[in-house]
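*Asks:* Under my numbering, the first residue of the sequence shown carries the number 8, and numbering increases by one thereafter. Every residue gets a Cβ at the ideal spot worked out from N, C-alpha and C, and that includes glycine.
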Amino acid sequence: MAIGWLVYENKHKTIITATQSPSKNNPSIMSSDYSIGVKFSGIITSDECTTLRGPIGDVGCSLTVDNKIIQVKHGNMMTTRPWGQLYNFPDLKTDQSGRRVDVYAHQLSKTNYTLDGSAEYYVKITN
């Protein structure tokens, strides 16, 4: 059984919990009232992929773009769904904070996004 991350918000805080991955028996685990794919542009304000060894193996890593957190690497969790791509990133160990990006990602909540779910999703450095 695969483990994934479920991100949801209530009026006081964002809560991230481990959960089962969606399946035929439980397809609604990661569904939301938010749209499937959202495009936006902005500046990387935090690059959590820049640890000395790259993405953290178990949880992957994320970028924050204008207060929107985007999970860009899935870590060791098993997934059968496609993942989007990073374009124009020299590597994940180099801090990309301050760079302008275009994003197309699945919106999980008001401030949380992921590249999980479609090979069409992306984060692309434009400067």
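(1) I need the DSSP call for I43, collapsed to helix, strand or coil.
(2) Tell me the rounded alpha-carbon separation between I132 and Y94.
(3) Any heavy atom of the ligand MG within a distance shorter than 7 Å of the CB on I43?
(4) Whole angstroms are fine: how far does the CA of I43 sit from the CA of G105?
(5) Between G124 and G91, what straight-line distance do the alpha-carbon atoms span, to the nearest angstrom?
(6) So L115 packs on C56, CB below 8 Å; how close in whole Å?
(7) Helix or strand or just coil, what does DSSP make of S116?
(8) Closest to G67 by C-alpha separation, out of H81, K117, D54, K75, would be which residue?
*Replies:* Result, derived from the coordinates:
(1) coil
(2) 6 Å
(3) The ligand MG is not among the ligands present in this structure, which contains no ligands whatsoever.
(4) 27 Å
(5) 8 Å
(6) The pair is not a contact, with the Cβ atoms about 18 Å apart (cut-off 8 Å).
(7) coil
(8) H81
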